[in-house]
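Have a look at the structure below before the remarks.
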Amino acid sequence: MIRYLIVISLLALSFSVTANAQTPNAKNRPKLEPTRFQRQHMPQTLVMHVELLKDSNPEKRATAIQNIRDMEYSYPDEPFSELLTPLMERLKDENETTHVRVLSAIALDALHNDTGDQSIDEVSKKTSNQTVKDLCAALLIKSQNK
Numbered sequence: 432m433i434r435y436l437i438v439i440s441l442l443a444l445s446f447s448v449t450a451n452a453q454t455p456n457a458k459n460r461p462k463l464e465p466t467r468f469q470r471q472h473m474p475q476t477l478v479m480h481v482e483l484l485k486d487s488n489p490e491k492r493a494t495a496i497q498n499i500r501d502m503e504y505s506y507p508d509e510p511f512s513e514l515l516t517p518l519m520e521r522l523k524d525e526n527e528t529t530h531v532r533v534l535s536a537i538a539l540d541a542l543h544n545d546t547g548d549q550s551i552d553e554v555s556k557k558t559s560n561q562t563v564k565d566l567c568a569a570l571l572i573k574s575q576n577k
C-alpha cells in the first residue's frame with residue numbers, strides 16, 4: 432500500500448513539473464545582461480563574424496550565422512547593421528548550401544530590418560531552391576501578422 436502511494440505521488444509530481452514547464456511563461460533560455468567586456472568587444476566580434484561569413488567552408492558559415500542568431504537574442508538593442516549585407520549575400524547566393532541560406536533567412540528576419548525583409552521578399556520570388564522559397568514566404572507572412 433505504501434509503495435502504491437509513493438508511486439502515485441511521484442507520478443503526480445512529475446506530471447505537475449511537466450505541465451508547469453509547458454506554460455507560456457516558461458522560457459528556454461534566460462536573457463543575459465551583457466558584461467562590460469562583451470560590450471567593449473562587440474565591434475571586434477562583429478568583424479570576426481563578417482569574415483567567417485566569407486569563409487569557404489559552409490560549416491563555418493553556418494556556425495557563424497548560428498552565433499549571430501544567439502547574439503541577436505542576447506543583445507536585442509544592438510543594431511547589427513554590419514551583418515546585414517553579408518547575411519543578404521549568403522541568402523541570395525544560389526550556389527550556397529541550403530542550410531546556410533535557411534539560417535541566413537532566419538537571422539535576417541530576426542534583425543527586424545526593412546532592407547533584410549526586402550531581401551527575404553526578393554528571394555521568396557526568385558530563388559530556384561524550393562526549401563528556401565517556402566521558408567522566405569513563411570517568414571514574410573509571419574512578419575506581416577505582427
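Residues in the sequence shown are numbered consecutively from 432, following the working numbering.
Backbone N, C-alpha and C fix where the C-beta goes; we use that ideal spot for every residue, glycine too.
CB contact flag (residue i, residue j, <8 angstroms)
i    : j    : result
L514 : A536 : no
D552 : L534 : no
L566 : L539 : no
T529 : T558 : no
D545 : S574 : no
V403 : P489 : A query on residue 403 cannot be resolved here, the shown segment of the chain reaching from 432 to 577 and no further.
CA-to-CA distance, residue j to residue i, given in whole angstroms
i    : j    : result
N526 : D508 : 33 angstroms
A495 : K564 : 22 angstroms
D524 : F511 : 21 angstroms
I499 : Q471 : 17 angstroms
L483 : T476 : 11 angstroms
N576 : A569 : 11 angstroms
I437 : T516 : 60 angstroms
S555 : V481 : 24 angstroms
R467 : S550 : 34 angstroms
E520 : I439 : 57 angstroms
Q497 : L542 : 13 angstroms
Q469 : M432 : 58 angstroms
Beta-carbon separation (whole angstroms), residue i vs residue j, contact threshold 8 angstroms
i    : j    : result
P465 : Y506 : 6 angstroms
R382 : D486 : With the chain covering 432 to 577 only, the question about residue 382 has no answer from this structure.
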